[in-house]
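Peer 1: Here it is: the structure, laid out below.
There are 2 protein chains.
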Amino acid sequence: MARLVMKFGGTSVADLDRIRRAAGRVAAEVEAGHHVAVIVSAMAGETNKLVGLTGDASALHDAREYDAVVASGEQVTAGLLAMVLQNDGISARSWLGWQIPIHTDGVHGAARIESIDTAEIERRFDENQVAIVAGFQGLGPDNRITTLGRGGSDTSAVALAAALKADRCDIYTDVDGVYTADPSVVAGAAKLDKITYEEMLELASLGAKVLQTRSVEMAMNHGVRVQVRSSMNDTSGTLLVDEDEIVEQHVVSGVTYAPNEAKITLMQVADKPGVAAAIFGPLSDHNVNVDMIVQNISEDGKRTDLTFTVGRGDLDRAIAVIKEMKGAIDYKDLVSDADVVKVSIVGVGMRSHAGVAQKMFTALAEKNINIQVISTSEIKISVLIADDYSELAVRALHSAFNLDDL
Amino acid sequence: MARLVMKFGGTSVADLDRIRRAAGRVAAEVEAGHHVAVIVSAMAGETNKLVGLTGDASALHDAREYDAVVASGEQVTAGLLAMVLQNDGISARSWLGWQIPIHTDGVHGAARIESIDTAEIERRFDENQVAIVAGFQGLGPDNRITTLGRGGSDTSAVALAAALKADRCDIYTDVDGVYTADPSVVAGAAKLDKITYEEMLELASLGAKVLQTRSVEMAMNHGVRVQVRSSMNDTSGTLLVDEDEIVEQHVVSGVTYAPNEAKITLMQVADKPGVAAAIFGPLSDHNVNVDMIVQNISEDGKRTDLTFTVGRGDLDRAIAVIKEMKGAIDYKDLVSDADVVKVSIVGVGMRSHAGVAQKMFTALAEKNINIQVISTSEIKISVLIADDYSELAVRALHSAFNLDDL
Chain C
1 MARLVMKFGG TSVADLDRIR RAAGRVAAEV EAGHHVAVIV SAMAGETNKL
51 VGLTGDASAL HDAREYDAVV ASGEQVTAGL LAMVLQNDGI SARSWLGWQI
101 PIHTDGVHGA ARIESIDTAE IERRFDENQV AIVAGFQGLG PDNRITTLGR
151 GGSDTSAVAL AAALKADRCD IYTDVDGVYT ADPSVVAGAA KLDKITYEEM
201 LELASLGAKV LQTRSVEMAM NHGVRVQVRS SMNDTSGTLL VDEDEIVEQH
251 VVSGVTYAPN EAKITLMQVA DKPGVAAAIF GPLSDHNVNV DMIVQNISED
301 GKRTDLTFTV GRGDLDRAIA VIKEMKGAID YKDLVSDADV VKVSIVGVGM
351 RSHAGVAQKM FTALAEKNIN IQVISTSEIK ISVLIADDYS ELAVRALHSA
401 FNLDDL
Chain X
407 MARLVMKFGG TSVADLDRIR RAAGRVAAEV EAGHHVAVIV SAMAGETNKL
457 VGLTGDASAL HDAREYDAVV ASGEQVTAGL LAMVLQNDGI SARSWLGWQI
507 PIHTDGVHGA ARIESIDTAE IERRFDENQV AIVAGFQGLG PDNRITTLGR
557 GGSDTSAVAL AAALKADRCD IYTDVDGVYT ADPSVVAGAA KLDKITYEEM
607 LELASLGAKV LQTRSVEMAM NHGVRVQVRS SMNDTSGTLL VDEDEIVEQH
657 VVSGVTYAPN EAKITLMQVA DKPGVAAAIF GPLSDHNVNV DMIVQNISED
707 GKRTDLTFTV GRGDLDRAIA VIKEMKGAID YKDLVSDADV VKVSIVGVGM
757 RSHAGVAQKM FTALAEKNIN IQVISTSEIK ISVLIADDYS ELAVRALHSA
807 FNLDDL
């Protein structure tokens, strides 16, 4: 007998037929003798609809009211799934964030879970009752509903699994698992049976939409065994594991690309202390996230070119902020380019293998792809290239690191 | 400075334009210096959609899960209205039933309000904050969401007005107020400026959809000054008042008809003690509401015909229950008729005027309308007639009691 957390995303509970299919999966685990807590998302499209309503209601809205409105979607799914399970003879009840409660901090719209009181849910496990928990929501210190940010139901699931010391946390979604690359780009992309937490963390933050970044962090910190699998079929998915659980380690586990990037270059910036702060401080104040940054060495030690990337949606705002600060920043010209893409390779094997970067650059050079910016971490190398070449680059790298043969 | 409760029904918050219009009405009261609490319904159509989902999820559903699902509609409206008001520079916050809390009993799906803790709302009145309260919902003794039954937001509004000792409770809806008859049936129907609680109670329970019956009862018991008015225009509405506040009393204030009736006659029932209990007990057990009952005097003292009415939707169930009990009840034949309608006249003036029933029966007889069943209360006379004659009967009665000339 195991203790399981199962999480169903929006497409897996999109309508009553899908909810019934999800209920069937829950019932199978219950009948196998397991104790089950289920986290549900809102029915596909509902959250977008609610977010749209709040945007139309008020451009600058109160995040507390936003949370009250947007959290209603998960409440509906939780009640419906409980009903369907009861109808199938399975004891189940729905739980809202404030009922458990799932305590969060007070950052409405992007709250962090602080603690989950699982006593009552565990007591009911002994009566073989399934807990159906509304994802994405919690209770703030102000006794109001908080939400965890888009994709927050993944975090709800992992946090609940950690609190319950669950044996596994199965994330049911619309893909079979984590792939070596986007299968729509690379025909030979293979599903990974296992991936390390760190690799998954990099992939999530590089734009792979499989799991919310924060949920991976939390799974890593609490050693939650997360499995990503499809709600549409019975194929086994991808299990997140510690590095030592992967027997045959590849140097690179995945190739990914993030399309919504934009590049800004400030020409001939004064090369003196404090100039970076003068540029990136105001951008941060205006909620512009800066990703890659590269600064050329100036020939004369007085002027330098500074290049950085931002999300494409933030480009106009970023340019406006910088132009407004032109006097303070002291640069000659601003050049921007929205037609860029960030391509990355990720793998814990990089730590023990030399020459990975060299191999990546060579593979791109062989296809005549020009690298505009480079950034690296211990287990990741990212390059910015012209977006016309994104698919070619992903395929070339997939081959270069022998992922086609998995 | 007054303390006001304003309630907006589903059609008055059907979309963001309507919500903005409602916000305008709230803003006007705030700017006039009043302290305002607002009760909102779900956006028109939302509750029906949610109720439909619960029905599809499970035919025999857990009322606690039903409540969790269905209460989400009001939550959305409350948040949106708070946002729109804030956007207009009015301090406002949304309140859910469990946050205030609005304590109810544990009868999920049809809960009764037991108490409302208004301390925090009143404290915020002093800071000129508007309370936007989700209608229709409360918190049960099991710490779960309860709902008050369809139309329950009226009751939420009156209960909150009573708890706050509000100077007035304005119910904004899609009609101008309470009319002497349905204006779509009687061209000369007039809006009443005032109506007594008792008359409104009769009208509500006779099928006038203006206010939920329980809300009128509660207003009467707590002396809440309820005004029914349109959210679409600025016409003054109808005020519910005590009898002594109405200076010029009409004998009859309104003529109404309830179309969804059905009649069952049991022929030659044994005329002995306990037979009524044998019939109506099982019907009650099967949730069939019996309305009018008439029993003919038997000629020989042994057998009698018993006629009663039920809701048309309950007719098949009622017949099935009675047929199943045929042995216990001992009747010869069952005859049913779904083509009947109940026409009623209501007025506190009946108490002091003789001959009202006679006048009613004469007016119907003059139109050759046959009366099948009669039932009366102190301020109401209802007759059951063939439904072909319903509009003719309403018009004839409206004229007979001089309501055309108001």
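Protein chains in written order, with this note's numbering: chain C, 1 to 406; chain X, 407 to 812. Just so it is clear, CB atoms sit at the ideal spot from N, CA and C, and this is done for glycine as well.
Residues of chain C with a CB under 8 angstroms from the CB of X/GLN505: which are they?
Peer 2: For this step, residue 505 of chain X is matched to residue 99 along the second sequence. By Cβ distance, chain C contributes ASN143, ARG144.
Peer 1: With hydrogens ignored, establish whether the beta-carbon of X/SER611 is closer than 7 angstroms to any heavy atom of the ligand PLP.
Peer 2: With respect to the ligand PLP, the structure offers nothing, as it holds no ligand at all.
Peer 1: From the DSSP output, which residues share a beta bridge with C/LEU384?
Peer 2: For the purposes of this step, residue 384 of chain C is taken as residue 384 along the first sequence, with counting starting at 1. Per DSSP, C/LYS342, C/VAL373.
Peer 1: Report all residues from its chain with a CB closer than 6 angstroms to the CB of X/ALA469; omit the five preceding and five following residues, and keep chain order.
Peer 2: If you number the second sequence from 1, residue 469 of chain X lands on position 63. Hits under 6 angstroms: HIS514, GLY515.
Peer 1: Which whole runs of the alpha helix (DSSP H) in the segment 690–763 of chain X are 4 residues long or more, in chain order?
Peer 2: Within the segment 690–763 of chain X, the complete alpha helix (DSSP H) runs of at least 4 residues are 721–730, 732–735.
Peer 1: Listing by chain order, which chain X residues have their CB less than 7 angstroms from the CB of C/ASP300?
Peer 2: Counting from one through the first sequence, the residue named residue 300 of chain C turns up at place 300. Residues of chain X passing the Cβ test: none, with the nearest at roughly 53 angstroms.
Peer 1: What runs of the beta strand (DSSP E), each 3 residues or longer, lie entirely inside the segment 498–575 of chain X?
Peer 2: DSSP runs (the beta strand (DSSP E)) wholly in the segment 498–575 of chain X: 498–501, 508–510, 519–522, 536–540, 543–545, 551–553.
Peer 1: Quick one: list the residues of chain C neighbouring X/HIS467, beta-carbon separation under 7 angstroms, in chain order.
Peer 2: Residue mapping note: residue 467 of chain X aligns to position 61 of the second sequence, counting from 1. Going along chain C in sequence order, the residues near X/HIS467 (Cβ under 7 angstroms) are MET83.
Peer 1: Counting contacts by CB-CB distance shorter than 8 angstroms, is X/ASN493 in contact with chain C?
Peer 2: Against the second sequence, residue 493 of chain X aligns to sequence position 87. So, interface residue.
Peer 1: So X/ARG631 and X/LEU609 are in contact, right, with Cβ under 8 angstroms, and what is the actual spacing, rounded?
Peer 2: Looking up residue 631 of chain X in the second sequence gives position 225. Looking up residue 609 of chain X in the second sequence gives position 203. Wrong, their Cβ atoms sit about 18 angstroms apart, outside the cutoff.
Peer 1: Starting from the Cα of X/LEU456, find the closest Cα among C/GLN75, C/THR304, C/VAL178 and give me that residue.
Peer 2: Position 50 of the second sequence, counting from 1, holds the residue named residue 456 of chain X. Closest by alpha carbon: C/GLN75.
Peer 1: Could you check whether X/VAL436 and X/PHE414 sit closer than 8 angstroms to each other, using their CB atoms as the reference points?
Peer 2: For the purposes of this step, residue 414 of chain X is taken as the residue at position 8 of the second sequence. For the purposes of this step, residue 436 of chain X is taken as the residue at position 30 of the second sequence. Their beta carbons are not under 8 angstroms apart, which means X/PHE414 does not touch X/VAL436 by this criterion.
Peer 1: Does any residue of chain C bring its CB to less than 8 angstroms from the CB of X/LEU422?
Peer 2: As a working mapping, residue 422 of chain X is identified with position 16 in the second sequence. Yes, because at least one Cβ of chain C sits closer than 8 angstroms to the Cβ of X/LEU422.
Peer 1: Please list, in chain order, all residues of the same chain as C/SER390 whose beta carbon is under 7 angstroms from its beta carbon, the five residues on each side excluded.
Peer 2: Along the first sequence, read from residue 1 onward, the residue named residue 390 of chain C stands at position 390. Same-chain partners within the cutoff: TYR257, PRO259, VAL341, VAL343.
Peer 1: Around the C-beta of X/VAL741, are 16 or more other C-beta atoms found within 10 angstroms, so that it is buried, or is it exposed?
Peer 2: If you number the second sequence from 1, residue 741 of chain X lands on position 335. The residue in question, X/VAL741, is exposed, as its Cβ has fewer than 16 Cβ neighbours within 10 Å.
Peer 1: Could you give the uninterrupted runs of the beta strand (DSSP E) lying entirely in the segment 648–694 of chain X, keeping only those of 3 residues or more?
Peer 2: Taking only runs of at least 3 residues, the beta strand (DSSP E) segments lying wholly in the segment 648–694 of chain X are 660–676.
Peer 1: Which of helix, strand or coil does DSSP assign to X/VAL634?
Peer 2: In the second sequence, residue 634 of chain X corresponds to position 228, counting from 1. Three-state result, X/VAL634: strand.
Peer 1: Would X/VAL446 and X/THR460 be called neighbours here (beta carbons separated by less than 8 angstroms)?
Peer 2: Indexing the second sequence from 1 puts residue 446 of chain X at position 40. Indexing the second sequence from 1 puts residue 460 of chain X at position 54. Going by C-beta atoms, X/VAL446 is not nearer than 8 angstroms to X/THR460.
Peer 1: Which chain C residues are close to X/LEU712, counting only those with a beta carbon under 7 angstroms from its beta carbon?
Peer 2: Position 306 of the second sequence holds residue 712 of chain X. Neighbours of X/LEU712 on chain C: none; closest Cβ ~39 angstroms, over 7 angstroms.
Peer 1: Going by DSSP, which residues form a beta bridge with X/ARG427?
Peer 2: Reading the second sequence from its first residue, position 21 is the one you call residue 427 of chain X. Bridge partners of X/ARG427: none, in fact.
Peer 1: Can you give the Cα-Cα distance for X/ILE787 and X/LEU612, rounded to whole angstroms?
Peer 2: The count along the second sequence starts at 1 and reaches residue 787 of chain X at position 381. The count along the second sequence starts at 1 and reaches residue 612 of chain X at position 206. The alpha-carbon atoms of X/ILE787 and X/LEU612 are separated by roughly 11 angstroms.
Peer 1: Give the single residue among X/LEU502, X/ALA567, X/GLU533, X/ASP580 whose Cα lies nearest to the Cα of X/PHE542.
Peer 2: Within the second sequence, the letter at position 136 stands for residue 542 of chain X. When each option's Cα is compared against that of X/PHE542, the closest is X/LEU502.
Peer 1: Against chain X, does C/LEU148 count as a neighbour if the rule is that its beta carbon must be under 8 angstroms from one of theirs?
Peer 2: Position 148 of the first sequence, counted from the start, is the residue given in the question as residue 148 of chain C. No - not a single Cβ of chain X is within 8 angstroms of the one on C/LEU148.
Peer 1: How about X/ILE735 and X/ILE670: are their beta carbons less than 8 angstroms apart?
Peer 2: Within the second sequence, numbered from 1, the residue matching residue 735 of chain X stands at position 329. Within the second sequence, numbered from 1, the residue matching residue 670 of chain X stands at position 264. No. Outside cutoff.
Peer 1: X/ASP650 to X/LEU570, Cα distance in whole Å?
Peer 2: Counted from its first residue, the second sequence places residue 650 of chain X at position 244. Counted from its first residue, the second sequence places residue 570 of chain X at position 164. Whole-angstrom Cα-Cα distance: 24 angstroms.
Peer 1: Are any of the Cβ atoms in chain C nearer than 8 angstroms to that of X/LEU456?
Peer 2: For the purposes of this step, residue 456 of chain X is taken as residue 50 along the second sequence, with counting starting at 1. Output row for X/LEU456: interface = yes.
Peer 1: Kindly give me the distance between the Cβ atoms of X/ALA448 and X/GLY479, rounded to whole angstroms, as I take these residues to be in contact under 8 angstroms.
Peer 2: On the second sequence, position 42 is the one that residue 448 of chain X refers to. On the second sequence, position 73 is the one that residue 479 of chain X refers to. About 3 angstroms; that satisfies the 8 angstroms criterion.
Peer 1: Would you give the residue range spanned by the alpha helix (DSSP H) that X/THR602 belongs to?
Peer 2: By 1-based counting over the second sequence, the position of residue 602 of chain X is 196. Unbroken run through X/THR602 is the beta strand (DSSP E), 600–602; no alpha helix (DSSP H).
Peer 1: Between the Cα of C/GLY237 and the Cα atoms of C/HIS250, C/GLY152, C/GLY177, which residue gives the shortest distance?
Peer 2: Walking along the first sequence from the start, residue 237 of chain C turns up at place 237. Of the candidates C/HIS250, C/GLY152, C/GLY177, the one whose C-alpha sits nearest the C-alpha of C/GLY237 is C/GLY177.
Peer 1: For X/GLY495, tell me which candidate among X/GLU471, X/GLN535, X/ARG723 has the shortest Cα-Cα distance.
Peer 2: Residue numbering aside, residue 495 of chain X sits at position 89 when the second sequence is read from its first letter. Measuring from the Cα of X/GLY495, the nearest candidate turns out to be X/GLN535.
Peer 1: DSSP state of C/VAL394, grouped into three classes?
Peer 2: Against the first sequence, residue 394 of chain C aligns to sequence position 394. Of the three classes helix, strand and coil, the one that applies to C/VAL394 here is helix, per DSSP.
Peer 1: Mind pulling the chain X residues with CB within less than 8 angstroms of C/LEU80?
Peer 2: Translated into the one-based positions of the first sequence, residue 80 of chain C becomes position 80. Residues of chain X passing the Cβ test: LEU459, THR460, ALA463, GLU471, VAL475.
Peer 1: Verify the CB distance criterion: does X/GLN701 have a CB-CB separation below 8 angstroms to chain C?
Peer 2: Indexing the second sequence from 1 puts residue 701 of chain X at position 295. No - not a single Cβ of chain C is within 8 angstroms of the one on X/GLN701.
Peer 1: Assign X/THR641 to buried or exposed, taking buried as 16 or more other Cβ atoms, counted over all protein chains shown, within 10 Å of its Cβ.
Peer 2: One-based indexing of the second sequence puts residue 641 of chain X at position 235. So X/THR641 counts as exposed.
Peer 1: Just mark C/THR376 as buried or exposed, buried being the case when its beta carbon has 16 or more other beta carbons within 10 Å.
Peer 2: In the first sequence, counting from the first residue as 1, residue 376 of chain C sits at position 376. Looking at its Cβ environment, which holds fewer than 16 other Cβ atoms inside 10 Å, C/THR376 is exposed.
Peer 1: Leaving out five residues before and five after X/LEU712 in sequence, what residues of the same chain have Cβ atoms less than 6 angstroms from its Cβ?
Peer 2: Sequence index remark: in the second sequence, residue 712 of chain X carries index 306 (1-based). Excluding residues within five positions, the ones whose Cβ falls inside 6 angstroms are LEU672, VAL675, GLN701.
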